[in-house]
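Visitor:
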Amino acid sequence: AADKEVTPSTEYLYTVFDGGKRHVVNMRERICTCRRFQMDVMPYIVLPPKGKIKPGRPQKIRHKNRGESRRKKSRITCGLCGQQQDHNRQTYRNIPEEA
């Protein structure tokens with residue numbers, strides 16, 4: 066099929082150059098000067114893809130391998146003192162007393 070050149074003649078007629086040979090294909094009447102359509106009475110059979118459909122619901126995300134990096138956890142910072150310790154604004158203990 067790679068060495069064939071197809072040129073449309075009309076809406077239904079096509080000229081196929083196959084090496085040194087020239088064939089005229091009529092798509093409406095399904096005839097060709099090479100008699101390919103007349104020999105192919107049955108249409109081409111398209112096979113389903115190989116492989117088995119796995120039972121169950123498909124997974125939403127891909128499972129990561131052990132070596133793949135995960136997203137780094139961000140450190141909690143306090144909004145009041147700005148230190149990167151194990152506390153935040155809600156758990157801050159040194160609240161200044163207002164006078």
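Residue numbers (the working numbering): 66 to 164. C-beta atoms are modelled at their ideal positions from N, C-alpha and C, and glycine is treated no differently.
State the beta-bridge partners of residue 96 as determined by DSSP.
Guide: Your numbering for residue 96 matches position 31 in the sequence shown. Paired residues: 91.
Visitor: Distance check for residue 91 and residue 79, CA to CA, integer angstroms please.
Guide: Numbered from 1 along the sequence shown, position 14 holds the residue referred to as residue 79. Numbered from 1 along the sequence shown, position 26 holds the residue referred to as residue 91. Roughly 7 angstroms separates the two Cα atoms.
Visitor: Is there a C-beta anywhere in chain C that falls below 8 angstroms from the one on residue 123?
Guide: Protein chains in the displayed structure number just one, and chain C is not present.
Visitor: Under 8 angstroms by Cβ, that's how I've got residue 75 and residue 88 pegged, so tell me the actual separation to the nearest angstrom.
Guide: Mapped onto the sequence shown, residue 75 falls at position 10. Mapped onto the sequence shown, residue 88 falls at position 23. Contact doesn't hold; Cβ gap of about 15 angstroms is too wide.
Visitor: Does the separation of the CB atoms of residue 143 and residue 153 fall below 8 angstroms?
Guide: Locating residue 143 in the sequence shown gives position 78, counting from the first residue. Locating residue 153 in the sequence shown gives position 88, counting from the first residue. Cβ atoms of residue 143 and residue 153: closer than 8 angstroms.
Visitor: Tell me whether the beta-carbon of residue 84 lies closer than 8 angstroms to the beta-carbon of residue 68.
Guide: Within the sequence shown, residue 84 is the residue found at index 19, counting from 1. Within the sequence shown, residue 68 is the residue found at index 3, counting from 1. The answer is yes: Cβ separation under 8 angstroms.
Visitor: Tell me which residues share the same chain as residue 77 and place their Cβ nearer than 7 angstroms to its Cβ, disregarding the 5 neighbours each side in the sequence.
Guide: Indexing the sequence shown from 1 puts residue 77 at position 12. These residues qualify, in order along the chain: 91, 92, 93.
Visitor: What residues are listed by DSSP as bridge partners for residue 76?
Guide: Counting from one through the sequence shown, the residue named residue 76 turns up at place 11. According to DSSP, which records beta bridges pairwise, residue 76 is partnered with nothing at all.
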